[in-house]
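Engineer: Residue numbers for the sequence shown follow UniProt numbering, beginning at 1 and rising by one.
Idealized CB from N, CA, C, for every residue including glycine.
From a predicted model like this one, the values you see are computed outputs, not experimental measurements.
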Amino acid sequence: MAGPALKQLQSHRAIHEGGLSGAIGKTEMLIDFLQEGDQENAERAANDLVDYWKTRVISHADAEEDGFYQEILNENPSMEKSVVQLTRDHDLIRIIVSDIESLRETDGLSPSVLQKFYALLVVNEIHSREEERLLFTEPSSENA
Ligand SMILES: [Fe+2]
Ligand SMILES: [Fe+2]
Numbered sequence: 001m002a003g004p005a006l007k008q009l010q011s012h013r014a015i016h017e018g019g020l021s022g023a024i025g026k027t028e029m030l031i032d033f034l035q036e037g038d039q040e041n042a043e044r045a046a047n048d049l050v051d052y053w054k055t056r057v058i059s060h061a062d063a064e065e066d067g068f069y070q071e072i073l074n075e076n077p078s079m080e081k082s083v084v085q086l087t088r089d090h091d092l093i094r095i096i097v098s099d100i101e102s103l104r105e106t107d108g109l110s111p112s113v114l115q116k117f118y119a120l121l122v123v124n125e126i127h128s129r130e131e132e133r134l135l136f137t138e139p140s141s142e143n144a
């Protein structure tokens with residue numbers, strides 16, 4: 001079930017901001033190790049970053065789909081399109097993380113893995129912005 005933090009814009013936004021800034025920091029750490037040629041710590045940082053996406057960001061998405069989105073739909077069935085779109089964003093994040101894991105198994109920390117880590121930051125940032133806009137903006141008031 002959705003905790004109260006998800007239902008309030010300010011606390012929900014704080015979860016998004018905390019999640020994104022942690023991911024940016026860990027991505028930068030990974031890049032620093034690679035630039036220093038420290039492969040061992042780079043691998044560790046990549047493990048840590050994948051773990052972070054799963055436990056911090058994907059688990060937030062899971063929690064939303066398990067309760068919060070359902071509650072929004074129950075209160076307002078016209079939000080279905082928004083919920084479908086936002087769920088697809090979550091799926092994109094899940095797909096990219098799973099692609100990163102497969103790519104690392106075959107090619108290690110290749111440039112395409114790094115591209116996908118950057119892609120996660122972009123998709124997640126857009127998703128959070130859209131979620132805040134679609135689910136917390138009063139549909140009947142200003143449309144500007
Ligand atoms: Fe979300
Ligand atoms: Fe969210």
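Just mark N143 as buried or exposed, buried being the case when its beta carbon has 16 or more other beta carbons within 10 Å.
Structural biologist: The residue labelled residue 143 in the question sits at position 143 within the sequence shown. For N143, the predicted structure reports a pLDDT of 45, less than 50, and the residue's modelled location is therefore unreliable. The matter cannot be settled from this model.
Engineer: Which stretch, first to last residue, makes up the alpha helix (DSSP H) that contains T137?
Structural biologist: Position 137 of the sequence shown, counting from 1, holds the residue named residue 137. That residue, T137, is in no alpha helix (DSSP H); it is neither H nor E in DSSP.
Engineer: Measure from the alpha carbon of E64 to the alpha carbon of each residue in V50, E43, L86, R44, then state which is nearest.
Structural biologist: For this step, residue 64 is matched to residue 64 along the sequence shown. Selected option, being the one with the closest Cα: L86.
Engineer: Terminal residues of the continuous alpha helix (DSSP H) containing D38?
Structural biologist: Along the sequence shown, read from residue 1 onward, the residue named residue 38 stands at position 38. Careful: D38 lies outside any alpha helix (DSSP H) and carries neither H nor E.
Engineer: For E65, verify whether its CB is less than 7 Å away from any heavy atom of ligand 2.
Structural biologist: Start at 1 with the first residue of the sequence shown, and residue 65 comes out as number 65. No - ligand 2 has no heavy atom lying nearer than 7 Å to the Cβ of E65.
Engineer: Is N76 helix, strand or coil when you go by DSSP?
Structural biologist: Translated into positions along the sequence shown, residue 76 becomes position 76. Coil, per DSSP.
Engineer: Over what stretch of residues does the alpha helix (DSSP H) that includes D62 continue unbroken?
Structural biologist: Looking up residue 62 in the sequence shown gives position 62. 59 to 63 is the extent of the alpha helix (DSSP H) around D62.
Engineer: Please tell me whether V57 and G19 are closer than 8 Å, where the distance is taken between their beta carbons.
Structural biologist: As a position in the sequence shown, residue 57 is number 57, starting the count at 1. As a position in the sequence shown, residue 19 is number 19, starting the count at 1. For V57 and G19, yes; Cβs fall inside 8 Å.
Engineer: Can you look up G3 in the DSSP assignment and give me helix, strand or coil?
Structural biologist: One-based indexing of the sequence shown puts residue 3 at position 3. Here G3 sits in coil by DSSP.
Engineer: Would the beta-carbon of S128 be found less than 7 Å away from any heavy atom of ligand 2?
Structural biologist: Locating residue 128 in the sequence shown gives position 128, counting from the first residue. Yes.
Engineer: Any beta-carbon of chain B closer than 8 Å to the one on E64?
Structural biologist: Protein chain content of the structure displayed is limited to a single chain, and chain B is not contained in it.
Engineer: Which term fits Y69, buried or exposed, when burial requires 16 or more other beta carbons within 10 angstroms of its beta carbon?
Structural biologist: As a working mapping, residue 69 is identified with position 69 in the sequence shown. Result: buried.
Engineer: Please indicate yes or no: does the CB of E131 lie closer than 7 Å to some heavy atom of ligand 1?
Structural biologist: Within the sequence shown, residue 131 is the residue found at index 131, counting from 1. Because some heavy atom of ligand 1 lies under 7 Å away, the Cβ of E131 counts as near it: yes.
Engineer: Measure from the alpha carbon of K116 to the alpha carbon of each residue in R13, R129, L92, then state which is nearest.
Structural biologist: Residue mapping note: residue 116 aligns to position 116 of the sequence shown, counting from 1. Taking only the C-alpha atoms, the option nearest K116 is L92.
Engineer: Starting from the C-beta of L34, find all residues in its chain whose C-beta is less than 6 Å away, skip the five residues before and the five after it, and write them out in chain order.
Structural biologist: Against the sequence shown, residue 34 aligns to sequence position 34. For L34, where only same-chain residues beyond five positions count, the Cβ hits under 6 Å are A42.
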